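In the numbering used here, the protein residues as written are 36 to 215.
Cβ atoms here follow ideal geometry from the backbone N, Cα and C, with glycine treated the same way.
These figures come from a predicted structure and were not determined experimentally.
To start, the structure under review is shown below, and the notes come after it.
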């Protein structure tokens, strides 16, 4: 095995971990396999990650950051109405899930949030985008008045459900109007 100085080993290891997830699933992921594939010593990953759980938390954190950026971009390009923004955000969520299925697989696993506060923060920031859309829609009269948190959870659950089904069926238009 070649041992050499690696310029950005942490990011390389994360990319390799995502590849390994796609190939063999979560159970088969190991820091030793990541090191082997990166061409570094089996101890090198421990300079960046305490254990497999830390790798999974880093993948989830990256996923929530990417999701937030994708949804933010979709909202910015959407029309002015809350409905248009919610549709754009939901479509961005589904597209993200299809394009980053391995991230999604890890993003919604149980994790020790006390141990990974940064993960909790980025996950909450992602959900807050939707909450703020719902809140604004309620304030401007475009959405029904009610418990903003419950309405947000319902919309998020629908988008997440469509995303998971879309991953399973590899389609972004599973629930388009033409299918009903």
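message: I need the boundaries of the alpha helix (DSSP H) containing residue 205, first residue and last residue.
response: Locating residue 205 in the chain shown gives position 170, counting from the first residue. Counting along the chain, residue 205 falls outside any alpha helix (DSSP H), and DSSP gives it neither H nor E.
field: Contacts around residue 87, its chain only, beta-carbon distance under 8 Å, and the 5 residues preceding and following it disregarded
entry: Translated into the one-based positions of the chain shown, residue 87 becomes position 52. Within the same chain, residue 87 has close Cβ partners 64, 65, 66.
query: Would residue 52 count as contacting chain B if we go by Cβ distances under 9 Å?
result: The structure shown contains no chain B; it is built from a single protein chain.
task: Excluding the 5 residues preceding and the 5 following residue 120 in the sequence, name in chain order all residues of the same chain whose CB lies nearer than 7 Å to its CB.
output: As a first step, residue 120 is located in the chain shown; it is residue number 85 there, counting from the start. Apart from the 5 residues on each side of it in sequence, residue 120 sits with its Cβ closer than 7 Å to the Cβ of 110, 113, 168 in its chain, given in chain order.
message: Check whether the region 118–135 and the region 145–152 are in contact - that is, three or more C-beta pairs closer than 8 Å.
response: Under the 8 Å Cβ criterion, the region 118–135 does not count as touching the region 145–152, having fewer than three qualifying pairs.
task: With DSSP as the reference, label residue 129 as helix, strand or coil.
output: If you number the chain shown from 1, residue 129 lands on position 94. Helix at residue 129.
query: Do the region 41–51 and the region 70–85 make contact, defined as three or more Cβ pairs closer than 8 Å?
result: Contact between the region 41–51 and the region 70–85 is present: 3 or more CB-CB pairs across the two stretches fall below 8 Å.
Nonlocal neighbours in the same chain, by C-beta distance under 7 Å from residue 96, ignoring five residues either side: The residue you call residue 96 lines up with position 61 of the chain shown. The answer, listed in chain order, is 153, 154, 157.
field: Alpha carbon of residue 166 to alpha carbon of residue 187, nearest angstrom
entry: Position 131 of the chain shown, counting from 1, holds the residue named residue 166. Position 152 of the chain shown, counting from 1, holds the residue named residue 187. C-alpha separation (whole angstroms): 5 Å.
Residue range of the unbroken alpha helix (DSSP H) whose run includes residue 142: As a working note, residue 142 is residue 107 in the chain shown. Note, residue 142: alpha helix (DSSP H), 136–142.
- prompt: Quick one, which of 81, 83, 127 has its alpha-carbon nearest residue 103's?
  reply: As a working mapping, residue 103 is identified with position 68 in the chain shown. Closest option to residue 103, Cα to Cα, is 127.
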